Structure formats: C-alpha cells, structure tokens
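In terms of UniProt numbering, the sequence shown is residues 1 to 312. Below: the structure, in structure tokens.
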Amino acid sequence: MTVTADPYYRRLLTLSAAQQDQDGGEDPERDAGLAPQRIDDFVPPDVMVRDEHLPGLHGPVPVRDYRPHHADGDRPVLVWCHGGAFAYGDIDMPEADVTARVVAERADVVVVSVDYRRAVDGVHYPVPLDDVVAAYEGAIRQVGAAPRGRVHLGGASAGAALAAGACLRIRDMGGHLPASLILLYPCMHPALPPASPELDATLARLTPRTRFGAEMFEAVIENYLGAPAATAPGYAMPALADLRGLPRTLLVNCQYDELRASGEAFATSLLRAGVDVDLRMAPGVTHGHLNRPQLAEAQRTLTDMACWIEED
Numbered sequence: 001m002t003v004t005a006d007p008y009y010r011r012l013l014t015l016s017a018a019q020q021d022q023d024g025g026e027d028p029e030r031d032a033g034l035a036p037q038r039i040d041d042f043v044p045p046d047v048m049v050r051d052e053h054l055p056g057l058h059g060p061v062p063v064r065d066y067r068p069h070h071a072d073g074d075r076p077v078l079v080w081c082h083g084g085a086f087a088y089g090d091i092d093m094p095e096a097d098v099t100a101r102v103v104a105e106r107a108d109v110v111v112v113s114v115d116y117r118r119a120v121d122g123v124h125y126p127v128p129l130d131d132v133v134a135a136y137e138g139a140i141r142q143v144g145a146a147p148r149g150r151v152h153l154g155g156a157s158a159g160a161a162l163a164a165g166a167c168l169r170i171r172d173m174g175g176h177l178p179a180s181l182i183l184l185y186p187c188m189h190p191a192l193p194p195a196s197p198e199l200d201a202t203l204a205r206l207t208p209r210t211r212f213g214a215e216m217f218e219a220v221i222e223n224y225l226g227a228p229a230a231t232a233p234g235y236a237m238p239a240l241a242d243l244r245g246l247p248r249t250l251l252v253n254c255q256y257d258e259l260r261a262s263g264e265a266f267a268t269s270l271l272r273a274g275v276d277v278d279l280r281m282a283p284g285v286t287h288g289h290l291n292r293p294q295l296a297e298a299q300r301t302l303t304d305m306a307c308w309i310e311e312d
C-alpha cells in the first residue's frame, strides 16, 4: 500500500523541488509560503518542570525533570535523549521538550530529559554516552519509591543510539536494565545498510535537500567518534554489538527516511538476539517528525510511547 506524504511534507517537497530547479538560490517570497506551516501551534501540556544536575564522569550532567501536576506516590520514569546528529539539538527542541511534556501527561510518568554533552569543540565518543549512562543511573537513585524495574530509557535519532548504547553498557556492567527501550527513527550503524526496493522507491520521491547523503551520514558518525566510521565500537553504534539480553523494545521508523534502513535492520538483529520488539512505521513523514508535534502522525507516535510505558 502506498501512503502519501503528510500535507506539510508534500508542500515542503514541492517548495524544495522548486528551489532545486532554480539552482538552489534563495527566494524569500517563495519560502514564505511555507512559513505559516513552520509555526508550531501545538500547545503542549502544562506539567511541573525542574532543571537539575546529576553527577557524571565529565562533570555534572544537566537534566530536566517533567511530571504531571497531580503526580504523587510511585510513578514510572522515562529517561529521554533528544537527537541532532550527536552535535546539535538541545532539551528545548520539540523532540525533547514537547515529547517530555506530552508523555509525562499522557502516561502519568516522570520524564528525565538528558542535556548530554554534544560532539562539538573537541568532544567525541564516549563523552555523550557517558553522560546518558550517568543520567540513567542518577535517575534510578532519585526516583524515590518507584521500583527500578519501572525505569524506561529512550531517544530519537542520534539519541536512540545513545539510549541503546547506554543500555548495552549498563548490561555489561551488571547494572539495573531499563524496563524497556523506546527508539525512534534510530541511527544504529556506522554506515547505512542497503535500502529495500520499497524504501528505495519511497526515497526516490524526495529531493536532495530532504535526504541524508552517504557523505553527510559518514561525516556525522566520524564527527561523533572523532575517528573513522569503520572504527566504531558497539557502544557507539549499537548495531555492531551483541544484543542479547536487552529489554523489550519499541522501535518507530519514519516512512520517508534513509535512516529507516538502519531501524529496520536493527529491529531484525534484536529479534535474532531474542529481544521482544514492537516495530512500527510512522506513515507519511520524514526523519524527525517529533519536531513537528502539530502533525497528526507525531501525536500518534507520542500516544504510542505513552501507551507502551503504561503496558509495563
């Protein structure tokens, strides 16, 4: 079955194609046609928010704690990692802040959003991963009466790689594994696996400006590692690791996304390792759709996350 792109993305692709036809030149008047759709008019829930710092190997790790106003007693916890190619993004972006607010309210949980150190100014692996591990361990210490078995770990894009890598590290250290992993449009390989014929056909509908080229992807990985992509260890690129013993996993790919090949291959590897996997696809959207929370499909993904936690 062919699923057409969300109306927002159809318009984005049309404008992008028009700009490409004009040699990539800037056209403020044409680009302004997309501006009304760039305004995020989704109003996230009003929840309690608190910034704090947890101890880490490289100094204090900033985190932001979200919880419903009515929260009292035990609550499950989600430790959440935003994306941004390991070098960009922050806990104020919609993928972090809006996601945390919505999931906290819909699932009646505490969400701990991690402001890990990014791969800029000489920072490379394993520093961001160390921060995520420290935040997870700190969250377990600070959840009060909540059972440790109700602490979940997740992330989006590069944040999904950090979440899975942290889970692998925790497993190998003999620590308390999360109740589950939540991985959204993940980046799990040092080089993208071959796309299926169906994915190839889907990606052919995108313009170069809305795609991840092989060179761009390699540059992202090498910037994170501070070394050639071929040297990546399993903690950095979890597809290279032994995945046995990981907790049940929710994995959501975007339909119009090169990284879907990584997510699909990683889900297959998890299944082969005996991990319980729920693989889903967000139809009609491109990579990073949680940064457009006004989209219906973004709302469905947020609800899926909340329901997944509630099932535990």
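Note that CB positions come from ideal geometry on N, CA and C, so glycine has one too. All figures in this text were calculated on a predicted structure; none of them were measured in a lab.
Which term fits residue i, buried or exposed, when burial requires 16 or more other beta carbons within 10 angstroms of its beta carbon?
i: R209; result: exposed
i: C307; result: exposed
i: A298; result: buried
i: R75; result: buried
i: A214; result: exposed
i: L12; result: Reliability fails at L12, whose pLDDT of 49 lies under 50, so the model's placement of it is uncertain and the value that follows must be treated cautiously. The residue is buried, with at least 16 neighbouring Cβ atoms inside 10 Å.
i: S262; result: buried
i: residue 318; result: The shown model of the chain, from 1 to 312, leaves out residue 318, and the question about it has no answer.
i: S196; result: exposed
i: A204; result: exposed
i: D92; result: exposed
i: A296; result: exposed
i: P238; result: buried
i: P28; result: Note that P28 has pLDDT 39, beneath the 50 cutoff, so the model's placement of it is unreliable and the number below is only indicative. P28 should be labelled exposed.
i: M305; result: buried
i: I39; result: Note that I39 scores 37 on pLDDT, short of 50, meaning its location in the model is unreliable and no value can be drawn from it.
i: A230; result: exposed
i: H70; result: exposed
i: E258; result: buried
Would you list the one or two residues that DSSP bridges to residue i?
i: W80; result: S113 and G154
i: M48; result: R67
i: T249; result: L181 and V277
i: L54; result: V61
i: T286; result: Y256
Relative to the C-alpha of residue i, which candidate in the options has its C-alpha closest?
i: V120; options: G84, D257, P197 and T99; result: G84
i: P186; options: H53, G274, P60 and R260; result: R260
i: R117; options: L57, A273, D108 and E198; result: L57
i: H82; options: V112, I221, P60 and M173; result: V112
i: S269; options: M188, A219, V123 and A139; result: M188
i: L184; options: G154, V133 and D172; result: G154
i: A96; options: E310, A296 and N291; result: N291
i: residue 401; options: A265, V43 and V79; result: An answer regarding residue 401 cannot be provided, because it is not within the stretch 1 to 312 covered by the chain.
i: A161; options: G175, V132 and A139; result: V132
i: V61; options: L129, D41, G122 and E264; result: L129
i: V79; options: A229, V143 and V127; result: V143
i: H53; options: A201, A139 and Y235; result: A139
i: P55; options: P178, V114, D257 and I182; result: V114
i: Y246; options: A273, G234, P283 and G122; result: According to the sequence shown, residue 246 is Leu rather than Tyr. It is A273.
i: P45; options: A107, A87, F86 and D90; result: A107
i: F86; options: R50, P178, A265 and E218; result: E218
Tell me which residue opens and which closes the alpha helix (DSSP H) that residue i is part of.
i: S196; result: Looking at the DSSP string, S196 is not in any alpha helix (DSSP H), and its letter there is neither H nor E.
i: D90; result: It is not in any alpha helix (DSSP H) - D90 carries neither H nor E in the DSSP assignment.
i: V127; result: V127 to Q142
i: Y224; result: A214 to L225
i: M305; result: A296 to E311
i: E105; result: D97 to A107
With hydrogens ignored, establish whether the beta-carbon of residue i is closer than 7 Å to any heavy atom of the ligand SAM.
i: E311; result: No copy of the ligand SAM occurs in the structure displayed, which carries no ligand at all.
For this session: Check whether the segment 63 to 83 touches the segment 97 to 107, taking contact to mean three or more Cβ pairs, one atom from each stretch, closer than 8 Å.
Result: yes
Exercise. Taking three-plus beta-carbon pairs below 8 Å as touching, is the segment 220 to 227 in contact with the segment 168 to 185?
Worked result: no
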